[in-house]
């Protein structure tokens, strides 16, 4: 029943909010499949605090690079992306088909490696990201420096970067 309601939300042109619903990797795989359907008009997806790990992020990253995915705003706050999941998302962000311009990765333990992956994506001319929230991710000075260097690149479209609580 819940999946039927969610599937209906995904075909509505606005957004879907499923924060703190324990979706996990299995639930996100279902969402990722729906995002690649031709009739999916979803532009905003709030899936914060859903225990999403590597497998779920891999499915989501593939969907973000799909020609039918119209998603622009993605909130993944408080999940388990880690460096590996962030790298998958970064590859998707640099894909020409990806339409994400607003990404929240607050509290995903992405670390230095994740920050460097995102910095690389930001310098890609295909990356449309304008807003990036990286609060509470233990990027360290090197991760912040990597992002700062990316911001100076002419291909970087980013207008807002939140690094709150990265410097102690």
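Residue numbers (the UniProt record's numbering): 1 to 168. Every residue, glycine too, gets a C-beta built ideally from N, C-alpha and C.
- Here the C-alpha atom of residue 146 lies approximately 31 Å from the C-alpha atom of residue 20.
- Rounded to whole angstroms, residue 160 and residue 38 show a C-alpha spacing of 31 Å.
- In the three-state scheme derived from DSSP, where H, G and I count as helix and E and B as strand, residue 82 is classed as helix.
- Within the stretch 20-71, the complete beta strand (DSSP E) runs of at least 3 residues fall at 44-46.
- Secondary structure note for residue 129: it is in no beta strand (DSSP E), with a DSSP letter that is neither H nor E.
- Cα atoms of residue 83 and residue 104: separation of roughly 15 Å, rounded to the nearest angstrom.
- Contact between residue 52 and residue 23 is confirmed by a C-beta separation of about 7 Å, below the 8 Å threshold.
- Looking at the backbone, the Cα of residue 91 and that of residue 61 are separated by about 8 Å.
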